[in-house]
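> Residue numbers (this note's numbering): 262 to 402. Cβ coordinates follow ideal geometry from the N, Cα and C atoms, glycine included. Here the structure is a predicted model, which is why all the values come from computation and not from measurement.
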Amino acid sequence: MTTEYLQPGRFIDSDSPQVIAFARDVSVDAGSDLERVLRLFERIRDGIVYDPYVDLSDPANYRASIVLERGRGFCIGKAALLAASARAIGVPARVGYADVRNHMTSPRLYARQKSDLFMWHSYSDLFLAGRWVKATPVFDL
Numbered sequence: 262m263t264t265e266y267l268q269p270g271r272f273i274d275s276d277s278p279q280v281i282a283f284a285r286d287v288s289v290d291a292g293s294d295l296e297r298v299l300r301l302f303e304r305i306r307d308g309i310v311y312d313p314y315v316d317l318s319d320p321a322n323y324r325a326s327i328v329l330e331r332g333r334g335f336c337i338g339k340a341a342l343l344a345a346s347a348r349a350i351g352v353p354a355r356v357g358y359a360d361v362r363n364h365m366t367s368p369r370l371y372a373r374q375k376s377d378l379f380m381w382h383s384y385s386d387l388f389l390a391g392r393w394v395k396a397t398p399v400f401d402l
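#1: Could you tell me which of Phe400, Asp312, Arg297 sits nearest to arginine 333, measuring between CA atoms?
#2: Using only alpha-carbon positions, find the residue among Asn363, Ala347, His382 that is nearest to valine 287.
#3: Let's see if you can read the secondary structure: which residues bound the beta strand (DSSP E) around valine 361?
#4: Which class does leucine 469 belong to by DSSP, given the choice of helix, strand or coil?
#5: Using the C-alpha atoms, what's the distance from glutamate 265 back to arginine 362?
#6: Which stretch, first to last residue, makes up the beta strand (DSSP E) that contains alanine 396?
#7: DSSP on arginine 333, reduced to helix/strand/coil?
#8: For serine 326, I'd like the list of residues in its chain whose CB is within less than 6 Å of its CB, leaving aside the five on either flank, ordered along the chain.
Set out below in structure tokens:
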């Protein structure tokens with residue numbers, strides 16, 4: 262059932278040498294899948310700048326390896342990077358989407374979207390301990 266979520270894809274390019282190296286470096290001495298995924302989550306959340314102003318018409322902004330290379334991305338790219346990194350270390354992963362209300366929306370972003378409702382907000386879904394767990398590595402600290 263979960264083997265398809267270990268395969269690389271167009272945007273979740275877990276076969277990228279850069280993604281593989283990143284995932285292994287971040288999780289190298291972690292003792293469990295959960296600990297490895299938590300390290301990846303924190304590194305992507307805090308180490309990759311959240312940038313909601315990227316060009317949404319450019320497919321590169323959706324690809325995990327490009328987000329890693331650029332060090333910035335919006336929700337879909339950052340979720341793809343977490344999913345790709347998890348797959349690279351053998352943890353099944355996929356991305357999902359939800360509409361969320363962001364009460365901390367900046368005035369600039371509110372003006373662009375004309376709402377604090379983020380449509381199609383992306384998150385990662387990780388298969389840990391026999392079940393799917395949602396995680397959103399988006400808003401850096």
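Inspection of the coordinates gives the following:
#1: Indexing the sequence shown from 1 puts residue 333 at position 72. Comparing Cα-Cα distances from arginine 333 to each of Phe400, Asp312, Arg297, the minimum goes to Asp312.
#2: By 1-based counting over the sequence shown, the position of residue 287 is 26. Ranking Asn363, Ala347, His382 by Cα distance to valine 287 puts Ala347 first.
#3: Along the sequence shown, read from residue 1 onward, the residue named residue 361 stands at position 100. Start and end: 354 to 362.
#4: Here the chain comprises residues numbered 262 to 402, so residue 469 is not present and cannot be evaluated.
#5: Along the sequence shown, one-based indexing puts residue 362 at 101. Along the sequence shown, one-based indexing puts residue 265 at 4. C-alpha separation (whole angstroms): 31 Å.
#6: As a first step, residue 396 is located in the sequence shown; it is residue number 135 there, counting from the start. Alanine 396 -> beta strand (DSSP E) spans 392 to 396.
#7: Residue 333 sits at position 72 when you count from the first residue of the sequence shown. Reduced to three states, the DSSP call for arginine 333 is strand.
#8: Numbered from its first residue, the sequence shown carries residue 326 at position 65. Correct list, in chain order: Asp274, Ser277, Gln279, Val280.
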